[in-house]
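K.L.:
At position 172 of the sequence shown the residue is numbered 172 (this note's numbering), and the sequence of numbers has no breaks.
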Amino acid sequence: MPSLSSTSLFSCLLLLSCILQVHGEWTLHRSDLGCRFSLAAWNMTEQYTNTTMMPLVLANNAPFDGPSYEITSTFASYPVNVYPTLSLVNGSLRAYRASGAWLTNATAVQNGDLLTWYTSPLFNHDAARIYSVVQSPVGMSLSAYGEAGLWFLCSIQSKFTPPMMSVVFNLTRDSHVDVVDPDACWSTRITLVPVAGSAC
């Protein structure tokens, strides 16, 4: 079997790095992580400082028992954290209660949609397999369909709760999202924060 010379090997590695590095990011996506983590929103309209990163939680915006939908919102706007840890398994986002119970999965987000989760005792299996993480200048960033730069934080209204700052995917002026005010949105990166004792 022919072997690569040191020059050829260096050229291959250089080409690989050029393919992977785009706009300051490494586009090598990972759809499985052997760790638990939480999410935080990093304001991309500000400088990269810790003061612009806001913890995210799963907010239940309807006071009903049984199967429910949650939306990804800032802890500052919804100061309850029922699902303190998340995981990424085979492209599917899972959320866990403090007890460790897994009944909640992220749904398949579409353009202009809120990042939504579904909870049901009958739904403890993989859901949408569209998520991955990519290394970016602000750390490990969540992507959907391979896109990590299309997240926004928007102020939304609900008939059951006060206004919340929630995560929207690929918001444009043509997006059909009734509850979102496009003028109250800003670009964000959704970063992963490993929980204590867990290394991603």
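Don't be surprised by glycine CBs; every beta carbon is placed ideally from N, CA and C.
Run through DSSP, which three-state label would Val104 get?
P.N.:
According to the sequence shown, residue 104 is Thr rather than Val. Looking at Thr104 - three-state DSSP - the assignment turns out to be strand.
K.L.:
Taking the alpha carbon of Gly112 as the reference point, which residue from Ser92, Ser31, Val167 and Gln157 has its own alpha carbon closest?
P.N.:
That would be Val167, whose Cα lies nearest to the Cα of Gly112.
K.L.:
Give a yes or no on whether the minimum CB-CB distance between Ala41 and chain D is below 8 Å.
P.N.:
Absent here is chain D; the protein component of the structure consists of one chain.
K.L.:
Check whether the region 35–44 touches the region 187–194, taking contact to mean three or more Cβ pairs, one atom from each stretch, closer than 8 Å.
P.N.:
yes
K.L.:
Could you check if Ala95 is buried or exposed, using at least 16 other CB atoms within 10 Å of its CB as the buried criterion?
P.N.:
buried
K.L.:
The beta strand (DSSP E) with Leu88 in it runs from where to where?
P.N.:
Thr85 to Val89
K.L.:
Can you tell me whether DSSP reads Thr52 as helix, strand or coil?
P.N.:
helix
K.L.:
In three-state DSSP terms, what is Gly24?
P.N.:
Summary for Gly24: the model assigns pLDDT 43, below 50, so the residue's position carries little reliability; its value from the coordinates is reported in the next sentence. The answer is coil: DSSP assigns Gly24 none of H, G, I, E or B.
K.L.:
Using DSSP with H/G/I as helix, E/B as strand and the rest coil, what is Asp181?
P.N.:
Asp181 falls in the strand class under three-state DSSP.
K.L.:
Have a look at Gly146 and Pro162 and give me their C-alpha separation to the nearest angstrom.
P.N.:
33 Å
K.L.:
May I ask you to verify whether the region 84–94 touches the region 130–141, counting CB pairs closer than 8 Å and requiring at least 3?
P.N.:
yes
K.L.:
With DSSP as the reference, label Met44 as helix, strand or coil.
P.N.:
coil
K.L.:
To the nearest angstrom, how far is the alpha carbon of Ala98 from that of Leu39?
P.N.:
16 Å
K.L.:
Got a sec? Which residues, its chain only, sit under 8 Å from Ser87 by beta carbon, not counting five neighbours each side?
P.N.:
Leu33, Cys35, Arg36, Phe37, Leu93, Arg94 and Tyr96
K.L.:
Could you please give me the residues that DSSP links to Arg94 through a beta bridge?
P.N.:
Ser87 and Asn105
K.L.:
Ser73 and Val57: beta carbons closer than 8 Å?
P.N.:
yes
K.L.:
Which one of Phe152, Gly197, Gln135 and Thr172 has the shortest CA to CA distance from Trp186?
P.N.:
Comparing Cα positions, the closest option is Phe152.
K.L.:
So is Thr172 buried or exposed if we call it buried at 16+ other beta carbons inside 10 Å?
P.N.:
exposed
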